[in-house]
Amino acid sequence: MSETTKTVSRDQFKILGKSVEKMESIARPSLTFWKEVWRRIRLNRVAYFSLILLVAYVLLAIIAPLVSPYKFDQQDASAMREGFSAAHWLGTDNLGRDLWVRVWMGARVSLAIGFIAAIINSVIGTILGGFCGFYGGKLDMLVMRIIDVIYGIPSLIVCILVMVVLGPGIQSLIVAMVVVGWTGTCRFTRGEVYRIKEQDFVAAARVMGEPTFKIIIREIIPNIMGLLITNLTMAIPGAIFQEAFLSYIGLGIAPPNASWGVLAKEGAKMLQVAPHMLFVPAFFICTTVLALNQLGNGMRDAFDPKLRGTE
Amino acid sequence: MDDTKNNILEINHVEFSFRTYGGTVKSVRDVSFNVREGEVLGIVGESGCGKSVTAQCILRLNPEPPGFFEGGSIKYRGEEITTKKDKEMRKIRGMEIGFIFQDPMTSLNPTMKVGRQIEEVFVGRENISRKEVKQKTLEILQLVGINEPERRYNQYPHELSGGMKQRVMIAIALVGRPSIIIADEPTTSLDVTIEAQILDLLKELQQKTHTSIIMITHDLGVIAKMCDRVIVMYGGKIMEKGTAEEIFYETAHPYTAGLIKSIATLDTDRNQALVPIEGTPPDLFSPPHGCPFAARCDFAMQVCYDDLPEEYRLSDEHVTTCWLQHEYAPKVAIMMREIEEAAHE
Amino acid sequence: MSKDKKQEPLFRVENLSQYFNVGRKQVLKAVDQMSFNVYKGETLGLVGESGCGKSTTGRCLVKLNQPTSGQVYYRDKDIFKQTREEEKNFRKNVQMIFQNPHSSLNPRMTVKDIVGSGMKRHGVCTEQDVDAKVEALLKRVGLNRDHISRFPHEFSGGQKQRIGIARALSVNPEFIVCDEPISALDVSIQAQVLNMLKELQDELGLTYLFIAHDLSVVKYISDRVIVMYLGTIVEYSDAEELYRNPLHPYTQVLLSSIPVADPKAVKEKQRIMVKGEIPSPINPPDCCRFAERCPYTTDICREEIPTLREVSSCHFVACHRIS
Numbered sequence: 001m002s003e004t005t006k007t008v009s010r011d012q013f014k015i016l017g018k019s020v021e022k023m024e025s026i027a028r029p030s031l032t033f034w035k036e037v038w039r040r041i042r043l044n045r046v047a048y049f050s051l052i053l054l055v056a057y058v059l060l061a062i063i064a065p066l067v068s069p070y071k072f073d074q075q076d077a078s079a080m081r082e083g084f085s086a087a088h089w090l091g092t093d094n095l096g097r098d099l100w101v102r103v104w105m106g107a108r109v110s111l112a113i114g115f116i117a118a119i120i121n122s123v124i125g126t127i128l129g130g131f132c133g134f135y136g137g138k139l140d141m142l143v144m145r146i147i148d149v150i151y152g153i154p155s156l157i158v159c160i161l162v163m164v165v166l167g168p169g170i171q172s173l174i175v176a177m178v179v180v181g182w183t184g185t186c187r188f189t190r191g192e193v194y195r196i197k198e199q200d201f202v203a204a205a206r207v208m209g210e211p212t213f214k215i216i217i218r219e220i221i222p223n224i225m226g227l228l229i230t231n232l233t234m235a236i237p238g239a240i241f242q243e244a245f246l247s248y249i250g251l252g253i254a255p256p257n258a259s260w261g262v263l264a265k266e267g268a269k270m271l272q273v274a275p276h277m278l279f280v281p282a283f284f285i286c287t288t289v290l291a292l293n294q295l296g297n298g299m300r301d302a303f304d305p306k307l308r309g310t311e
Numbered sequence: 312m313d314d315t316k317n318n319i320l321e322i323n324h325v326e327f328s329f330r331t332y333g334g335t336v337k338s339v340r341d342v343s344f345n346v347r348e349g350e351v352l353g354i355v356g357e358s359g360c361g362k363s364v365t366a367q368c369i370l371r372l373n374p375e376p377p378g379f380f381e382g383g384s385i386k387y388r389g390e391e392i393t394t395k396k397d398k399e400m401r402k403i404r405g406m407e408i409g410f411i412f413q414d415p416m417t418s419l420n421p422t423m424k425v426g427r428q429i430e431e432v433f434v435g436r437e438n439i440s441r442k443e444v445k446q447k448t449l450e451i452l453q454l455v456g457i458n459e460p461e462r463r464y465n466q467y468p469h470e471l472s473g474g475m476k477q478r479v480m481i482a483i484a485l486v487g488r489p490s491i492i493i494a495d496e497p498t499t500s501l502d503v504t505i506e507a508q509i510l511d512l513l514k515e516l517q518q519k520t521h522t523s524i525i526m527i528t529h530d531l532g533v534i535a536k537m538c539d540r541v542i543v544m545y546g547g548k549i550m551e552k553g554t555a556e557e558i559f560y561e562t563a564h565p566y567t568a569g570l571i572k573s574i575a576t577l578d579t580d581r582n583q584a585l586v587p588i589e590g591t592p593p594d595l596f597s598p599p600h601g602c603p604f605a606a607r608c609d610f611a612m613q614v615c616y617d618d619l620p621e622e623y624r625l626s627d628e629h630v631t632t633c634w635l636q637h638e639y640a641p642k643v644a645i646m647m648r649e650i651e652e653a654a655h656e
Numbered sequence: 657m658s659k660d661k662k663q664e665p666l667f668r669v670e671n672l673s674q675y676f677n678v679g680r681k682q683v684l685k686a687v688d689q690m691s692f693n694v695y696k697g698e699t700l701g702l703v704g705e706s707g708c709g710k711s712t713t714g715r716c717l718v719k720l721n722q723p724t725s726g727q728v729y730y731r732d733k734d735i736f737k738q739t740r741e742e743e744k745n746f747r748k749n750v751q752m753i754f755q756n757p758h759s760s761l762n763p764r765m766t767v768k769d770i771v772g773s774g775m776k777r778h779g780v781c782t783e784q785d786v787d788a789k790v791e792a793l794l795k796r797v798g799l800n801r802d803h804i805s806r807f808p809h810e811f812s813g814g815q816k817q818r819i820g821i822a823r824a825l826s827v828n829p830e831f832i833v834c835d836e837p838i839s840a841l842d843v844s845i846q847a848q849v850l851n852m853l854k855e856l857q858d859e860l861g862l863t864y865l866f867i868a869h870d871l872s873v874v875k876y877i878s879d880r881v882i883v884m885y886l887g888t889i890v891e892y893s894d895a896e897e898l899y900r901n902p903l904h905p906y907t908q909v910l911l912s913s914i915p916v917a918d919p920k921a922v923k924e925k926q927r928i929m930v931k932g933e934i935p936s937p938i939n940p941p942d943c944c945r946f947a948e949r950c951p952y953t954t955d956i957c958r959e960e961i962p963t964l965r966e967v968s969s970c971h972f973v974a975c976h977r978i979s
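Going down the list, the protein sequences come from chains A, B and C. Numbering of the first sequence is given in the numbering used here, commencing with residue 1 and proceeding in unit increments. Numbering of the second sequence is given in the numbering used here, commencing with residue 312 and proceeding in unit increments. Numbering of the third sequence is given in the numbering used here, commencing with residue 657 and proceeding in unit increments.
Right under this line is the structure:
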């Protein structure tokens with residue numbers, strides 16, 4: 001027996017036994033799913049900054065053309081191909097139009113097309129993928145073969161063909177992008193639904209007598225929401241870039257309407273003389289795509305249950 | 312005192328924690344023990360007690376960040392290894408100290424042939440030719456009971472059964488002829504007949520090669536079968552340590568007693584209720600002030616909730632960290648099944 | 657001792673088989689011609705190692721799998737030919753406790769929803785009473801009321817398993833399939849859950865099919881025990897009798913392989929050695945499945961499938977050596 005070095009008194013030595021409240025306690029604060037996700041995104045500085053940047057772009061796209069003294073198609077022969085200045089923040093193009101306003105008008109188009117195409121893709125892909133993953137069978141096989149075929153053809157060629165058939169314009173552009181774009185989400189959702197369907201908690205719901213549609217709504221969908229949203233976020237940059245490309249090669253939006261792709265096309269022609277005309281739209285395309293990807297990465301990490309408690 | 316001449320591993324006051332959103336989780340809180348040459352030392356405890364983290368500390372296998380080494384010393388053959396650089400640690404891993412991971416399904420690289428995975432231990436070592444390396448690999452496959460070593464050498468992990476995969480893990484741990492092997496729950500995921508085979512194999516190899524083994528497990532049956540000395544951990548701290556006989560037959564700590572009493576054995580009478588340990592292990596995010604086991608201990612006293620108990624030495628090997636050993640404490644028979652009898656004994 | 661055999665069994669399983677096609681001409685026979693009864697109020701243990709088909713059998717009994725052939729009768733009605741009414745009743749009376757506590761609770765639902773949703777569906781109580789009843793159930797399994805609005809990931813494995821038990825109990829079932837309910841838990845928590853299951857059985861008159869690979873635990877909790885190997889029954893009898901007098905070589909091997917928590921006993925124990933690994937249940941041979949590993953194999957063992965024979969009162973073995 002060793003001498004104790006702590007000061008203790010005899011009355012501390014009566015047997016009390018176990019403590020019922022303390023033995024089952026959970027110390028950590030409880031957070032709902034969405035609060036937890038938000039907290040983790042906030043902690044991820046890159047993702048958080050990307051989110052702020054994107055919100056800023058959306059706000060500018062809405063507000064900037066409204067408050068600007070210039071109109072997007074307002075030409076000014078006296079101020080052609082000018083660089084950055086106090087009068088024209090981002091300079092002018094070869095027809096004297098203010099680039100700041102055109103960039104933000106273009107943003108409306110590019111961002112809108114990006115979001116809409118991505119959303120339509122996601123909806124179609126999710127519903128189809130969900131059915132395939134949940135029911136399997138012949139439908140699953142059929143859809144998967146269709147996807148294989150679509151994957152086999154370069155998507156831009158399909159886009160171009162559709163555009164040629166339907167003619168230029170925003171609607172045809174979106175249709176073209178959707179025709180090839182739904183496949184990614186479909187495959188992904190199918191895999192996730194299949195995985196979740198095999199989990200014991202779904203089996204428990206079946207043993208409890210829960211009907212199939214309730215299982216889909218209560219057990220499966222909430223557990224794929226996070227990844228669906230992430231996927232959506234990651235699909236947007238692809239759509240934006242695709243629109244830019246199509247417009248750049250002349251198949252997308254027609255001038256004088258602007259999108260970032262159109263602006264880039266006009267800028268490319270003037271590269272030797274007025275390089276800012278290309279760099280400005282290119283800058284915005286790049287930063288948007290980058291920000292969306294970073295936000296998507298951050299969201300994927302935020303939704304991942306395994307990473308909980310390790311930051 | 313511990314016979315320091317024979318110690319090949321000395322762990323003193325080691326503390327290791329993880330940073331999480333809620334704060335810092337103190338997984339290992341002041342753990343000290345020694346490993347001697349040629350012995351099998353068991354570390355037993357339940358999930359969250361810190362036994363795996365402690366073992367991984369030795370070879371610096373814990374992810375850092377979010378983990379970080381808070382303090383203490385680990386000496387291998389008298390040399391401090393906590394301050395070594397990564398490059399030097401790599402020399403120790405595999406050749407001086409080997410590690411058998413818990414789940415052979417996920418611990419083997421599915422895209423690499425079995426033979427090559429074993430040979431990886433020798434990567435970067437000088438003074439050994441390719442031919443010698445292959446020779447050693449085939450020898451070790453034979454030694455761990457894998458028939459047709461030439462054929463298995465060229466196979467991929469998925470072509471092997473669970474028991475065979477674990478034998479490969481043992482081969483990887485042994486091929487560099489280390490002085491110590493750390494086996495982290497090596498049989499937990501195996502079926503009971505295969506578990507018996509693997510434990511027999513380990514025991515046989517240990518006797519043949521005189522390697523020390525640190526056996527980490529939650530299964531007291533494995534401890535009884537394999538270990539010379541035993542350490543019992545709970546809540547990041549050591550509750551009791553001693554020889555296997557002392558731990559099982561002269562149990563001095565209520566947690567160890569609780570573990571032993573709660574096991575259903577083939578002799579347990581069906582009409583007798585098992586004596587479980589009520590409650591759940593503590594959340595180490597905010598570890599309790601006093602003894603980590605107090606909230607679940609039938610013999611807890613006020614002092615147990617207030618202060619961490621000290622170590623009390625009961626014999627050469629037998630040490631227990633419990634206020635019941637203090638002179639002020641009442642005498643209790645902790646192995647008795649009925650608490651009333653025990654408290655008034 | 658066995659429960660009153662003259663009574664009608666609660667569950668009758670006849671020639672249950674579950675085969676899976678896993679490739680060209682590769683048939684995985686997870687369960688092969690199993691027949692057994694479960695009587696009201698008893699605990700029937702189902703024990704065996706991985707690949708023996710015990711989980712598959714359990715899942716068939718709760719209608720999670722559709723068997724390839726054979727029948728399962730609950731109260732004399734074939735469960736795969738039920739009317740909607742009968743199925744609803746079945747779902748209320750037959751529940752399951754799952755093995756892995758970390759995947760058996762919906763991570764996006766609170767404890768209240770998990771435990772309470774079944775109650776609402778089966779009309780066990782009214783909307784207003786759900787909270788009170790959930791709290792009472794949680795208390796019964798050793799959790800407290802501030803756990804009610806928390807999410808599964810906040811709990812330890814043992815606590816999650818207890819929530820799973822609360823869920824199974826919430827609809828006042830008659831029969832519960834316990835699929836390795838304690839394998840994933842720590843030793844001291846296993847004892848808690850085992851005690852709880854026993855108490856609940858006495859209190860509520862429950863019938864259990866207890867599936868496990870740990871023989872000591874199965875012996876402790878079961879009245880009768882079935883030993884399975886590669887999809888077939890090799891031996892079954894009353895629990896005491898099985899452990900006192902194991903007849904099938906595989907049962908003997910299993911019993912001698914259990915690590916005993918007693919150093920002195922370990923030294924004295926005789927181990928019965930078995931060769932090799934557990935074979936795959938794909939395309940099993942048409943003879944005794946255990947033949948290639950058995951220490952007592954003879955010629956007939958490699959040629960004929962042994963039939964299950966009654967060797968003494970309520971003790972059945974499928975082995976050519978025992979006749």
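The beta carbon of each residue, even a glycine, is placed where N, CA and C say it ideally should be. Predicted model, so just to flag it, every value in this text is computed and none were measured.
Alpha carbon of residue 258 (chain A) to alpha carbon of residue 106 (chain A), nearest angstrom:
Looking up residue 258 (chain A) in the first sequence gives position 258. Looking up residue 106 (chain A) in the first sequence gives position 106. Their Cα atoms are separated by approximately 5 angstroms.
For residue 323 (chain B), I'd like the list of residues in its chain whose CB is within less than 8 angstroms of its CB, leaving aside the five on either flank, ordered along the chain.
Residue mapping note: residue 323 (chain B) aligns to position 12 of the second sequence, counting from 1. The answer, listed in chain order, is 343, 383, 384, 385 and 386.
Can you have a look at residue 452 (chain B) and say buried or exposed, based on whether 16 or more other CB atoms are within 10 angstroms of its CB?
Along the second sequence, one-based indexing puts residue 452 (chain B) at 141. With 16 or more Cβ atoms within 10 Å of its Cβ, residue 452 (chain B) is classed as buried.
For the region 532 to 557 of chain B, enumerate the residues whose C-beta is nearer than 7 angstroms to any C-beta of chain C, in chain order.
532, 533, 535, 536, 555 and 556
Taking only beta-carbon atoms, is residue 883 (chain C) less than 8 angstroms away from chain D?
Protein chains in the displayed structure are A, B and C, and chain D is not among them.
Drop a sphere of 10 angstroms on the beta-carbon of residue 142 (chain A), count the other beta-carbons inside from all chains shown, and report buried for 16 or more, exposed for fewer.
Taking the first residue of the first sequence as 1, we reach residue 142 (chain A) at position 142. Answer is exposed; the Cβ neighbour count stays below 16.
By a C-beta neighbour count over all protein chains shown, 10 Å radius and 16 as the cutoff for buried, is residue 286 (chain A) buried or exposed?
Here residue 286 (chain A) corresponds to residue number 286 of the first sequence, with the count starting at 1. Exposed: under 16 other Cβ atoms inside 10 Å.
Does residue 219 (chain A) come within less than 8 angstroms of chain C when only Cβ atoms are used?
For the purposes of this step, residue 219 (chain A) is taken as the residue at position 219 of the first sequence. So yes, residue 219 (chain A) belongs to the interface.
Extent of the continuous alpha helix (DSSP H) run through residue 749 (chain C)
Within the third sequence, residue 749 (chain C) is the residue found at index 93, counting from 1. Counting along the chain, the alpha helix (DSSP H) containing residue 749 (chain C) begins and ends at 740 to 749.
Closer than 7 angstroms: is that where the CB of residue 352 (chain B) sits relative to any heavy atom of the ligand NAP?
Judged by which ligands are present, the structure shown has none, so any question about the ligand NAP falls away.
Look at the alpha carbon of residue 787 (chain C) and the alpha carbon of residue 806 (chain C), and state the distance between them as a whole number of angstroms.
Position 131 of the third sequence holds residue 787 (chain C). Position 150 of the third sequence holds residue 806 (chain C). Roughly 14 angstroms between the two C-alpha positions.
Are the C-beta of residue 118 (chain A) and some C-beta of chain B separated by less than 8 angstroms?
To locate residue 118 (chain A), count along the first sequence from 1; it is residue 118. So, not an interface residue.
Once you ignore the five residues that flank residue 341 (chain B) on each side, which residues in its own chain have a CB closer than 7 angstroms to its CB?
Taking the first residue of the second sequence as 1, we reach residue 341 (chain B) at position 30. So the qualifying residues of the chain are 324, 326 and 548.
For my contact list, residue 12 (chain A) and residue 613 (chain B) are in at a C-beta cut-off of 8 angstroms; report their separation, rounded to the angstrom.
Position 12 of the first sequence, counting from 1, holds the residue named residue 12 (chain A). Position 302 of the second sequence, counting from 1, holds the residue named residue 613 (chain B). Right, the Cβ-Cβ distance comes to about 4 angstroms (below 8 angstroms), so this counts as a contact.
Mind listing the chain A neighbours of residue 631 (chain B)? Cutoff is C-beta to C-beta under 8 angstroms, in chain order.
Walking along the second sequence from the start, residue 631 (chain B) turns up at place 320. Within chain A, no residue comes near residue 631 (chain B); the closest Cβ sits about 11 angstroms away, beyond 8 angstroms.
Touch check for the region 704 to 719 of chain C and the region 913 to 929 of chain C: three-plus C-beta pairs under 8 angstroms?
no
Only counting the same chain, and skipping five residues up and downstream in sequence, which positions put a Cβ closer than 6 angstroms to that of residue 457 (chain B)?
The residue labelled residue 457 (chain B) in the question sits at position 146 within the second sequence. Short of 6 angstroms from the beta carbon of residue 457 (chain B), and not among the five residues preceding or following it, lie these beta carbons of its own chain, in chain order: 463 and 478.
What does residue 718 (chain C) reach in chain A if we use C-beta pairs closer than 8 angstroms?
For the purposes of this step, residue 718 (chain C) is taken as the residue at position 62 of the third sequence. Residues of chain A passing the Cβ test: 207.
Would you identify the three-state DSSP class for residue 965 (chain C), choosing helix, strand or coil?
Working through the third sequence from its first residue, we reach residue 965 (chain C) at position 309. Looking at residue 965 (chain C) - three-state DSSP - the assignment turns out to be strand.
Check whether the Cβ of residue 16 (chain A) lies closer than 8 angstroms to any Cβ atom in chain B.
Within the first sequence, residue 16 (chain A) is the residue found at index 16, counting from 1. Judged by the 8 angstroms Cβ criterion, residue 16 (chain A) is in contact with chain B.
Residue 831 (chain C) - containing beta strand (DSSP E), residue span
Looking up residue 831 (chain C) in the third sequence gives position 175. Following the DSSP letters along the chain, one finds residue 831 (chain C) inside the beta strand (DSSP E) bounded by residues 831 to 835.
Beta-carbon gap between residue 302 (chain A) and residue 52 (chain A) smaller than 8 angstroms
The residue you call residue 302 (chain A) lines up with position 302 of the first sequence. The residue you call residue 52 (chain A) lines up with position 52 of the first sequence. It is not a contact, given that the beta carbons lie outside the stated cut-off.
Starting from residue 223 (chain A) and walking both ways along the beta strand (DSSP E), at which residues does that stretch end?
Here residue 223 (chain A) refers to the residue found at position 223 of the first sequence. No beta strand (DSSP E) holds residue 223 (chain A); the alpha helix (DSSP H) holding it covers 221 to 248.
Pick from C:923, C:931 and C:894 that is closest to residue 905 (chain C), judged by C-alpha positions:
Position 249 of the third sequence, counted from the start, is the residue given in the question as residue 905 (chain C). That would be C:931, whose Cα lies nearest to the Cα of residue 905 (chain C).
Own chain residues within Cβ distance below 8 angstroms of residue 54 (chain A), not counting five before or after:
As a working mapping, residue 54 (chain A) is identified with position 54 in the first sequence. Cβ neighbours of residue 54 (chain A) beyond the five flanking positions: 288, 291, 292 and 295.
To which residues of the same chain is residue 752 (chain C) closer than 6 angstroms at the C-beta, ignoring the five residues directly before and after it?
The sequence position of residue 752 (chain C) within the third sequence is 96, counting from 1. Correct list, in chain order: 718 and 833.
Closest by C-alpha distance to residue 968 (chain C), when choosing among C:927, C:957 and C:901:
On the third sequence, residue 968 (chain C) is found 312 positions in, with the first residue counted as 1. The residue with the shortest Cα to Cα distance from residue 968 (chain C) is C:901.
Which residue marks the beginning of the beta strand (DSSP E) containing residue 337 (chain B), and which one marks its end?
The sequence position of residue 337 (chain B) within the second sequence is 26, counting from 1. Run containing residue 337 (chain B): 334 to 347, per the beta strand (DSSP E) assignment.
Close-in-space but distant-in-sequence residues of the same chain around residue 321 (chain B) (CB under 7 angstroms, 5 per side omitted)
Taking the first residue of the second sequence as position 1, residue 321 (chain B) is located at position 10. Excluding positions up to five away in sequence, the list reads 345 and 386.
Would you list, in sequence order, the uninterrupted alpha helix (DSSP H) runs of no fewer than 4 residues that lie entirely inside the region 457 to 513 of chain B?
Under the rule that a run must span 4 or more residues, the alpha helix (DSSP H) segments found entirely inside the region 457 to 513 of chain B read 460 to 464 and 473 to 485.
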